[in-house]
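Asks:
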């Protein structure tokens, strides 16, 4: 599997990206969730990482433990020995990033770096496990992604918030101005393979036909989060998005299969 473009090809079937390893089908980011996704044949998993006080990379979304475990406090303030005693809502201990790489070698992981402290430890684990070919990096921080791209040359990524603002603005402008703004947006040369965006933010519609066309012209897949309702899945697929980031992977897969079969039936001979 080549690193470049491993998550999509233009005009191929959209993919399901299991948000937090399918958080509505099993407790989010848990061992049970990852095992459930693998058993059901899902390939692409979105997840999140933090670093413990002693530099262990932990699969976890929040920076604190309360919402999804029986623990309390910030992950960054605890050693791994302390975190290993915590139990999530599935009854299992927390997952290390290394555990996921070792237990689920067939999965392609879209990893969101939630804070700066995790960067060097995440890079170390990816290199130790020779996992560059099955990782795509994401973050709200474009600066964080810039550092990760430099430390992990060849690993693909999405765009951070700053770059996305320019891309969204460009989609509303005429072509000459689009080109000027897009000059400041990382692209395929930096191994950026996707934009990962909500349908709208701050009252501004992001997923529009013009935005999708612009992204595709730049060789970027459009991944939309977090989409759990069938009606919205259908609408976005009709617009031409390339991935549904969802807590309901089984539902999304069924919707995509039905959509793709219908599209094939209506394709001219």
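Residue numbers (the working numbering): 1 to 269. Built from N, CA and C at the ideal position, the CB exists for glycine as well. A quick note: this is a predicted structure, and the numbers were derived from the prediction, not measured.
1) At 3 residues or longer, what runs of the beta strand (DSSP E) sit wholly inside the segment 151-218?
2) Can you check DSSP and say which residues form a bridge with residue 110?
3) If we count the other Cβ atoms within 10 Å of its Cβ and call it buried at 16 or more, is residue 177 buried or exposed?
4) With DSSP as the reference, label residue 227 as helix, strand or coil.
5) With DSSP as the reference, label residue 58 as helix, strand or coil.
6) Taking the beta carbon of residue 27 as the centre, do at least 16 other beta carbons fall within 10 Å, making it buried, or is it exposed?
7) Does DSSP put residue 253 in a helix, in a strand, or in coil?
8) Are there three or more Cβ pairs, one per stretch, closer than 8 Å when the segment 246-255 is compared with the segment 220-230?
9) Is residue 114 close to the ligand SAM? I mean its beta-carbon at under 6 Å from any heavy atom of the ligand.
10) Residue 167 to residue 200, Cα distance in whole Å?
11) Going by beta-carbon coordinates alone, are residue 97 and residue 57 separated by less than 7 Å?
12) Measure the C-alpha to C-alpha separation of residue 17 and residue 121 and round it to an integer number of angstroms.
13) Would you kindly work out how many angstroms separate the C-alpha atoms of residue 117 and residue 68, rounded to a whole number?
14) Verify whether the separation of the beta carbon atoms of residue 14 and residue 256 is less than 7 Å.
15) Closest Cβ-Cβ distance between residue 63 and chain B: below 7 Å?
16) Tell me which same chain residues have a C-beta within less than 6 Å of the C-beta of residue 151, skipping the five on either side of it?
17) For residue 72, which residues from the same chain have a beta carbon less than 7 Å from its beta carbon, with the 5 sequence-adjacent residues on both sides left out?
18) Comparing alpha-carbon positions, which option in 102, 32, 197, 44 lies nearest residue 253?
19) Tell me whether residue 95 sits in a helix, a strand or coil according to DSSP, three-state version.
20) If you count every other CB in all the chains shown that lies within 10 Å of the CB of residue 50, and 16 or more means buried, which is it?
Replies: Quick look at the numbers:
1) If we require 3 residues or more, the beta strand (DSSP E) runs fully inside the segment 151-218 come out as 194-198.
2) 46, 136, per the DSSP bridge assignment.
3) Looking at its Cβ environment, which holds fewer than 16 other Cβ atoms inside 10 Å, residue 177 is exposed.
4) Residue 227 falls in the coil class under three-state DSSP.
5) Here residue 58 sits in strand by DSSP.
6) Flag for residue 27 reads buried.
7) Looking at residue 253 - three-state DSSP - the assignment turns out to be helix.
8) Segments in contact, yes.
9) In the structure on display, the ligand SAM does not appear, and there are no ligands present to speak of.
10) Straight-line Cα distance between these residues: approximately 14 Å.
11) Going by beta carbons, residue 97 and residue 57 fall inside the 7 Å limit.
12) Whole-angstrom Cα-Cα distance: 24 Å.
13) It is roughly 21 Å from the alpha-carbon of residue 117 to the alpha-carbon of residue 68.
14) In this structure, the beta-carbon distance from residue 14 to residue 256 falls below 7 Å.
15) Looking at the structure shown, chain B is missing, and only one protein chain is on hand.
16) Only residues of its own chain outside the window of five on either side were considered, and among them 123 have a CB closer than 6 Å to the CB of residue 151, listed in chain order.
17) Counting only Cβ-Cβ distances below 7 Å, and skipping sequence neighbours, we find 65, 66.
18) The shortest CA-to-CA distance from residue 253 to any of 102, 32, 197, 44 is the one to 44.
19) Here DSSP, grouped into helix, strand and coil, assigns residue 95 to strand.
20) When all chains shown are included, residue 50 counts as buried.
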